[in-house]
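*Asks:* Letter by letter, the sequence shown follows residues -3 to 469 in my numbering. We treat Cβ as the ideally placed atom computed from N, Cα and C, and that holds for glycine.
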Amino acid sequence: MSSAPFRPFETMLDQSTALSLLREAVAGADDGELFLERSRSEVLSFDDGRLKTASYDASEGFGLRAVRAETAGYAHSTTIDEHALRRAVATARLAVGSGGGTLAPAPARTNRKLYGDEDPMDGATFPAKIDILKEIDAYARALDKRVVQVSATISASHQEVVILRPEGELVTDIRPMSRLNVSVIVEENGRRESGGTGSGGRTGLLGLISPAHWQSQVAEALRIALINLAAEPAPAGVMDVVLGPGWPGILLHEAIGHGLEGDFNRKGSSAFAGLMGQQIAAKGVTVLDDGTIPDRRGSITVDDEGTPSQRNVLIEDGILVGYMQDRQNARLMGVPATGNGRRQSFAHIPMPRMTNTFMLAGDADPASMVADLKDGIYAVGFGGGQVDITSGKFVFSCTEAYRVRNGVVGSPVKGATLIGDGATALKQIRAIGNDLRLDPGIGNCGKAGQWVPVGVGQPSLLIGGLTVGGSAA
């Protein structure tokens, strides 16, 4: 399935002509770039004993941007040639108007590479992948007679990026991605419950589809389903909550992370706007966005403007010290770009986005944190959630949670939702565990209609006074 490397300036466009046209587009502008991309992806899904989806997608194209002040002109095309580029120049020029801007300095260079160039889709043949999905289905059903449905998905993608800057710099990146998801439904006495798990990253598929790995994923999905099968209705009310490590960091990502993206703060629409240098969280809370962790799902060698990714400190010991920035918002706010200018594809304009966002560990023993919980919830797994960026208010559903009374973990609860707002929740953190964990590599983040892969993480956290929504009387 491999193909020749993506070299558009050898086969589709003359580089000197493209540079001349790019410079014409950004004449009198503050910034701009020509972003060229070729991507391929494959998804195979096995559901209820049969192959449900087998898809392969390939696309290529370019996006041309010219930026002046707060305005950006953007044009994109699935045809990479001089004629399409000239038409894009005319469109992008509309944002520049009469000009008057000063072209921003180029991004710094980097020789760092955070992941390999291998194509994840080459890890196994198409028939072999189907056989693995069949094995997953059979294995799950053999583990427990209560399993009535199994779903498994293998997905992989290979993205090649070339960024031409107006100053003549050429930045390239090859970005692999792979993922395995497993979910099961169990039934007992007429009651059905589900459990699911997944893993992935910027690596090949071989590690994910090895028997040792997928068998552990099946066992975990079954464990969660059986816990939910025994779950009681969740209580409702204001109570203390202990969040487990790892994937529960999705609450941090949504309720806090988006509010620390530069565009929301420049426009004053974030709950954290205007609070730079102030104490916005409990002492000991340090939050990072780090795109430099090797092979992680949210990592990027360079962002989609050509800026090298960085390890950015956002909150340090409870004090707001930084925002995540693309080049446009950084320039307008008078601060450096942080390597967070990301886009879904060549058909989308870049904007400030998270990479891997997580809270550093503290020194509390997680078991002691739960033991200190008098009457509350121990939330280990999370599903979907909703957040209002302006107010910071959030609602998250728990996929695995337990009732705790007098420090004793009791029955699992079903239908629990956590309700609060990010700014208040940060200040109500009472203990930070010593067990920092990153998520298993399954995160996607949506913003303004664009989706990008991300990572999350956190240690165990004790948060006081969250509202728990539930159906128990």
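(1) When you compare each of 95, 56 and 263 to residue 328 by their alpha carbons, which one comes out closest?
(2) Would you mind giving the Cβ-Cβ distance between residue 278 and residue 314, rounded to the nearest angstrom? I have them listed as a contact below 8 Å.
(3) Between residue 374 and chain C, is the shortest Cβ-Cβ distance under 7 Å, so that the two count as touching?
(4) What would DSSP say about residue 325, mapped onto helix, strand or coil?
(5) Would you kindly check if the distance between the Cβ of residue 346 and the Cβ of residue 322 is under 7 Å?
(6) Extract the residue ranges of the alpha helix (DSSP H) inside the stretch 32 to 89, only unbroken runs of 4 or more that lie entirely within it.
(7) Roughly how many whole angstroms lie between the Cα atoms of residue 136 and residue 408?
(8) Is residue 121 buried or exposed, if buried means 16 or more other CB atoms sit within 10 Å of its CB?
(9) Would you tell me roughly how many angstroms separate the C-alpha atoms of residue 472 and residue 356, rounded to the nearest one?
(10) Give, in chain order, every unbroken run of the beta strand (DSSP E) that is at least 3 residues long and sits entirely within the stretch 178 to 214.
(11) Straight-line CA distance for residue 57 to residue 337?
(12) Since residue 15 is in the alpha helix (DSSP H), which residue starts that stretch and which ends it?
(13) In its own chain, which residues sit with a C-beta less than 6 Å from the C-beta of residue 55, not counting the 5 before and 5 after it?
(14) Go to residue 6, then tell me how far its alpha helix (DSSP H) extends in each direction, as first and last residue.
(15) What do you reckon, is the C-beta of residue 317 under 6 Å from a heavy atom of the ligand NAP?
(16) CA-CA distance, residue 387 and residue 252?
(17) Check residue 339 in the structure and name its three-state DSSP category.
(18) For the stretch 390 to 405 and the stretch 374 to 381, state whether three or more C-beta atom pairs, one from each stretch, are separated by less than 8 Å.
(19) Where does residue 254 sit, in a helix, a strand or coil, going by DSSP?
(20) Excluding the 5 residues preceding and the 5 following residue 94 in the sequence, name in chain order all residues of the same chain whose CB lies nearer than 8 Å to its CB.
(21) Which partner residues does residue 433 have in the DSSP bridge list?
(22) List the endpoints of the continuous beta strand (DSSP E) containing residue 470.
(23) Give me the residue from 78, 26 and 331 with the minimum Cα distance to residue 12.
(24) Does the Cβ of residue 163 have 16 or more other Cβ atoms within 10 Å, making it buried, or fewer, making it exposed?
(25) What three-state label does DSSP hand residue 378 in the structure shown?
(26) Please classify residue 330: is it buried, with 16 or more other beta-carbons within 10 angstroms of its beta-carbon, or exposed?
(27) Taking the alpha helix (DSSP H) that residue 420 falls in, what are its first and last residues?
(28) Quick one: Cα of residue 398 to Cα of residue 417, how far?
(29) Secondary structure at residue 124, three-state DSSP: helix, strand or coil?
(30) Nearest to residue 448 by CA position, among 412, 282 and 350, is which residue?
(31) Look at residue 29 and residue 61 and say whether their C-beta atoms are less than 7 Å apart.
(32) Going by the beta-carbon positions, is the gap between residue 296 and residue 287 smaller than 7 Å?
(33) Using a 10 Å radius around the Cβ and a threshold of 16 neighbouring Cβ atoms, would you call residue 471 buried or exposed?
(34) Which residue comes first and which comes last in the alpha helix (DSSP H) that contains residue 245?
(35) Are residue 169 and residue 366 closer than 7 Å when you measure CB to CB?
(36) Do the stretch 129 to 148 and the stretch 217 to 228 meet, that is, are 3 or more Cβ pairs less than 8 Å apart?
*Replies:* The short version:
(1) On the sequence shown, position 332 is the one that residue 328 refers to. For the residues 95, 56 and 263, the minimum Cα distance to residue 328 belongs to 263.
(2) Residue 278 sits at position 282 when you count from the first residue of the sequence shown. Residue 314 sits at position 318 when you count from the first residue of the sequence shown. 6 Å between Cβ atoms; contact.
(3) Of the chains in the structure shown, none is chain C; there is only one protein chain.
(4) Here residue 325 refers to the residue found at position 329 when the sequence shown is read from its first residue. Helix at residue 325.
(5) Counting from one through the sequence shown, the residue named residue 322 turns up at place 326. Counting from one through the sequence shown, the residue named residue 346 turns up at place 350. Against a cut-off of 7 Å, the Cβ pair of residue 346 and residue 322 comes out as a contact.
(6) DSSP runs (the alpha helix (DSSP H)) wholly in the stretch 32 to 89: none.
(7) Here residue 136 refers to the residue found at position 140 when the sequence shown is read from its first residue. Here residue 408 refers to the residue found at position 412 when the sequence shown is read from its first residue. Our two residues, residue 136 and residue 408, have alpha carbons roughly 22 Å apart in a direct line.
(8) Translated into positions along the sequence shown, residue 121 becomes position 125. Per the 10 Å Cβ criterion, exposed.
(9) Because the chain is modelled from -3 through 469, residue 472 falls outside the range shown and cannot be assessed.
(10) Scanning the stretch 178 to 214 from its first residue to its last, the whole beta strand (DSSP E) runs of 3-plus residues come out as 187 to 197.
(11) Numbered from its first residue, the sequence shown carries residue 57 at position 61. Numbered from its first residue, the sequence shown carries residue 337 at position 341. Cα atoms of residue 57 and residue 337: separation of roughly 19 Å, rounded to the nearest angstrom.
(12) The residue given as residue 15 occupies position 19 in the sequence shown. Membership of residue 15 in the alpha helix (DSSP H) is indicated by the continuous run 11 to 22.
(13) Locating residue 55 in the sequence shown gives position 59, where the first residue counts as 1. 35.
(14) Within the sequence shown, residue 6 is the residue found at index 10, counting from 1. Element bounds for residue 6: 4 to 7.
(15) Ligands displayed in this structure: none; no statement on the ligand NAP is therefore possible.
(16) In the sequence shown, counting from the first residue as 1, residue 387 sits at position 391. In the sequence shown, counting from the first residue as 1, residue 252 sits at position 256. So the alpha carbons of these two residues sit roughly 11 Å apart.
(17) By 1-based counting over the sequence shown, the position of residue 339 is 343. Here residue 339 sits in coil by DSSP.
(18) Taking a cut-off of 8 Å for Cβ pairs, the stretch 390 to 405 and the stretch 374 to 381 touch, as three or more such pairs fall below it.
(19) Counting from 1 along the sequence shown, the entry for residue 254 is found at position 258. Reduced to three states, the DSSP call for residue 254 is helix.
(20) In the sequence shown, counting from the first residue as 1, residue 94 sits at position 98. Closer than 8 Å at the Cβ level, and outside the excluded window around residue 94, lie 24.
(21) Within the sequence shown, the letter at position 437 stands for residue 433. Paired residues: 454.
(22) A question about residue 470 goes unanswered here, because the residues of the chain that appear run from -3 up to 469.
(23) Counting from one through the sequence shown, the residue named residue 12 turns up at place 16. Relative to the Cα of residue 12, the nearest Cα in the group 78, 26 and 331 belongs to 78.
(24) By one-based count along the sequence shown, residue 163 stands at place 167. Under the 10 Å beta carbon count, residue 163 is surrounded by fewer than 16 other beta carbons and is classified as exposed.
(25) For the purposes of this step, residue 378 is identified with residue 382 of the sequence shown, where counting begins at 1. Three-state result, residue 378: strand.
(26) Indexing the sequence shown from 1 puts residue 330 at position 334. Sixteen is the threshold: since fewer than 16 other Cβ atoms of the shown chains lie within 10 Å of the Cβ of residue 330, the residue is exposed.
(27) In the sequence shown, counting from the first residue as 1, residue 420 sits at position 424. Segment 418 to 423, the alpha helix (DSSP H) holding residue 420.
(28) Locating residue 398 in the sequence shown gives position 402, counting from the first residue. Locating residue 417 in the sequence shown gives position 421, counting from the first residue. Residue 398 and residue 417: Cα-Cα distance of roughly 22 Å.
(29) In the sequence shown, counting from the first residue as 1, residue 124 sits at position 128. Correct three-state label for residue 124: helix.
(30) Along the sequence shown, read from residue 1 onward, the residue named residue 448 stands at position 452. Comparing Cα positions, the closest option is 350.
(31) Locating residue 29 in the sequence shown gives position 33, counting from the first residue. Locating residue 61 in the sequence shown gives position 65, counting from the first residue. Yes.
(32) Walking along the sequence shown from the start, residue 296 turns up at place 300. Walking along the sequence shown from the start, residue 287 turns up at place 291. Taking 7 Å as the Cβ cut-off, residue 296 and residue 287 qualify as a contacting pair.
(33) Look at the range of the chain in this structure, -3 to 469, and you will see that residue 471 is not part of it.
(34) Taking the sequence shown and counting its residues from 1, the one referred to as residue 245 is at position 249. Residues 245 to 248.
(35) The residue labelled residue 169 in the question sits at position 173 within the sequence shown. The residue labelled residue 366 in the question sits at position 370 within the sequence shown. Their beta carbons are not under 7 Å apart, which means residue 169 does not touch residue 366 by this criterion.
(36) Yes: at least three Cβ pairs fall under 8 Å.
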